[in-house]
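**Student:**
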Amino acid sequence: MTTSPSTGTVTVPDVRGDRPALADQLLTAAGLHAHITGGTGRGPGGGQCVITNQNPDAETSVPTGTTIELTTGEVGGQSPC
Numbered sequence: 001m002t003t004s005p006s007t008g009t010v011t012v013p014d015v016r017g018d019r020p021a022l023a024d025q026l027l028t029a030a031g032l033h034a035h036i037t038g039g040t041g042r043g044p045g046g047g048q049c050v051i052t053n054q055n056p057d058a059e060t061s062v063p064t065g066t067t068i069e070l071t072t073g074e075v076g077g078q079s080p081c
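Numbering-wise, UniProt numbering puts 44 at position 44 of the sequence shown, and it's gapless, one number per residue.
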């Protein structure tokens, strides 16, 4: 987790299950940054890529400007994107 100078703290939204572009928008709106690992389109089985893991966890208080680490996986399956 990376932080930058902040003026306060924010609560990390739960973006698991969201498409990567939406997750990035939600985190940006909350004053946070996203670092996405994995694909953003479709997985090897043809399913949409969604956020499967985030660090720090949702509902955690973090300084404004913190980078949230996101991992994608294929919806409905165990395959990474």
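Yeah, the Cβ is synthetic: ideal placement off N, Cα and C, and Gly gets one too.
1) Would you kindly work out how many angstroms separate the C-alpha atoms of Gly38 and Gly46, rounded to a whole number?
2) Report yes if the CB atom of Thr66 is closer than 8 Å to the CB atom of Leu26, and no otherwise.
3) Report the residue from Thr60, Asp24, Val62 and Glu59 whose alpha carbon sits nearest the alpha carbon of Thr71.
4) Is Pro20 buried or exposed, if buried means 16 or more other CB atoms sit within 10 Å of its CB?
5) Quick one: which unbroken beta strand (DSSP E) runs of 3-plus residues sit fully inside the UniProt domain "PASTA" (6-74)? Chain order, please.
**Tutor:** With the structure as the only source:
1) By 1-based counting over the sequence shown, the position of residue 38 is 38. By 1-based counting over the sequence shown, the position of residue 46 is 46. Spanning the two alpha carbons is a distance of roughly 15 Å.
2) As a working note, residue 66 is residue 66 in the sequence shown. As a working note, residue 26 is residue 26 in the sequence shown. Against a cut-off of 8 Å, the Cβ pair of Leu26 and Thr66 comes out as no contact.
3) Taking the sequence shown and counting its residues from 1, one reaches residue 71 at position 71. If we check each option's Cα against that of Thr71, Asp24 comes out closest.
4) Translated into the one-based positions of the sequence shown, residue 20 becomes position 20. By the neighbour-count rule (16 or more Cβ atoms within 10 Å), Pro20 is buried.
5) 9-11, 33-37, 49-55, 61-63 and 67-74
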